[in-house]
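In order, the protein sequence lines correspond to chains A and B. The C-terminal residue of the first sequence carries number 99 in this note's numbering, and the numbering is unbroken. The C-terminal residue of the second sequence carries number 99 in this note's numbering, and the numbering is unbroken. The C-beta atom is built at its ideal place from N, Cα and C for all residues, glycine as well. Single-structure report; data block below.
There are 2 protein chains.
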Amino acid sequence: MRFGEVQGVLLVRYRGTVVVTLKETIFDPQGEAVKNSLVAMGFSSVTKVRMGKHIIVYLEALNEEEAREKLADMARRLLANPVTETYEISLVEVPD
Amino acid sequence: MRFGEVQGVLLVRYRGTVVVTLKETIFDPQGEAVKNSLVAMGFSSVTKVRMGKHIIVYLEALNEEEAREKLADMARRLLANPVTETYEISLVEVPD
C-alpha cells in the first residue's frame, strides 16, 4: 500500500478494470469477422465471437468505494455507450 | 451441461474469454487519448489508461483441457500480436 497526498489528504492508488461489451441483442460485425476467420483457419467448433473492450484505469481515491464510484461515472460518461453496451467494473489496490 | 455430438463423440460447450493487452513497454496512443479525455472531464486523479481487447469465444470441445488449448492456439495465431501483446485465457462451461 502506498499513498499519494493532496492538500493533506491521503490517497490510495488503484488499478480499475472496466470491461465494456455489446448488449446481446446488438449485432457485432467485428466479432462475426473474427469468427469467420477462425473457422476458415480450421477452428470449426467456434460458434460465436463477441468483441469487447478491456480498459485499465489507474487512479487515486480516498478509498475503494470512491474509486468504484469514479470508475462507474467514467464508464457511463465516456467509456461505454449506454444504448448499445454494458460494463463491468473491478478494482485492486496497487503498491505503486 | 448440454452436449453437441459430432460422429458419435460428445462435445461440451464452453464460453472462453481471451483478454489481449499491450505489453507494458509498448506505447498506447488510444489509452493516452482516453486518459486525456478523462482528465479534461474532471477526473484529475487518473494517472494512466491502457486499452485492451476482451474477446468472448463460444466453442465446443471434448473437455476443458482441449478447449483451453484451442483458445491458446487462436490467441497465438490470430487474436493477439505476439510482438506487442500478451493474452490471458479463462473458460466456463455453458448450458446452451
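1) Please go through the same chain and pick out, in chain order, the residues whose beta-carbon is closer than 6 Å to the beta-carbon of Val52 of chain A, but skip the five residues on each side of it.
2) Starting from Gly34 of chain A, trace the alpha helix (DSSP H) in both directions and tell me its first and last residue.
3) Please report the straight-line C-alpha distance between Asn2 of chain B and Gly45 of chain A, rounded to a whole angstrom.
4) When the distance is taken between beta carbons, is Tyr17 of chain A closer than 8 Å to Ala83 of chain A?
5) Output yes if chain A places a C-beta closer than 8 Å to the C-beta of Ile59 of chain B; else output no.
6) Kindly list the residues whose CB is nearer than 6 Å to the CB of Ser93 of chain B, restricted to its own chain and excluding five residues on each side of it in sequence; keep chain order.
7) Going straight from the alpha carbon of Met4 of chain A to that of Tyr61 of chain A, what length do you get?
8) Distance, Cα to Cα, Ile29 of chain B vs Gly11 of chain B?
9) Mind checking who Lys56 of chain B pairs with in its DSSP beta bridge?
10) With Leu94 of chain B as the anchor, note down where its beta strand (DSSP E) starts and where it stops.
11) Taking Cβ positions only, does Phe30 of chain B come closer than 8 Å to chain A?
12) Using the three-state DSSP reduction, which class does Leu14 of chain B fall into: helix, strand or coil?
13) Ordered along the chain, which non-local residues of its own chain (more than five positions away) have a Cβ less than 6 Å from that of Val95 of chain A?
14) Just to confirm, is the Cβ distance from Leu25 of chain A to Glu91 of chain A under 8 Å?
15) Smallest Cα separation from Val49 of chain A: which of B:Pro98, B:Arg80 and B:Leu74?
Walking through what the data contain:
1) The beta carbon of Val52 of chain A sits closer than 6 Å to the beta carbons of Gly34, Val37 and Lys38 from its chain, once the five residues preceding and following it are set aside; these are given in chain order.
2) It spans Pro32 to Ala43 - the alpha helix (DSSP H) in which Gly34 of chain A sits, taken as one unbroken run.
3) The shown model of chain B, from 4 to 99, leaves out residue 2 of chain B, and the question about it has no answer.
4) In this structure, Ala83 of chain A keeps its C-beta atom at 8 Å or more from the C-beta atom of Tyr17 of chain A.
5) At least one CB atom of chain A sits nearer than 8 Å to the CB of Ile59 of chain B.
6) Closer than 6 Å at the Cβ level, and outside the excluded window around Ser93 of chain B, lie Thr20.
7) Caution applies to Met4 of chain A, whose pLDDT of 45 falls short of 50 and renders its modelled position unreliable; the model cannot decide the point.
8) Rounded to whole angstroms, Ile29 of chain B and Gly11 of chain B show a C-alpha spacing of 47 Å.
9) DSSP, once it has assigned bridges, lists A:Lys56 and B:Val23 as partnering Lys56 of chain B.
10) According to the DSSP assignment, Leu94 of chain B belongs to the beta strand (DSSP E) that extends over Glu88 to Glu96.
11) Closer than 8 Å: no.
12) Reduced to three states, the DSSP call for Leu14 of chain B is strand.
13) If we look at Val95 of chain A and ignore the five residues flanking it on each side, its Cβ neighbours are Arg18.
14) One thing to note: Leu25 of chain A has its Cβ no nearer than 8 Å to the Cβ of Glu91 of chain A.
15) Ranking the options by Cα distance to Val49 of chain A, first place goes to B:Leu74.
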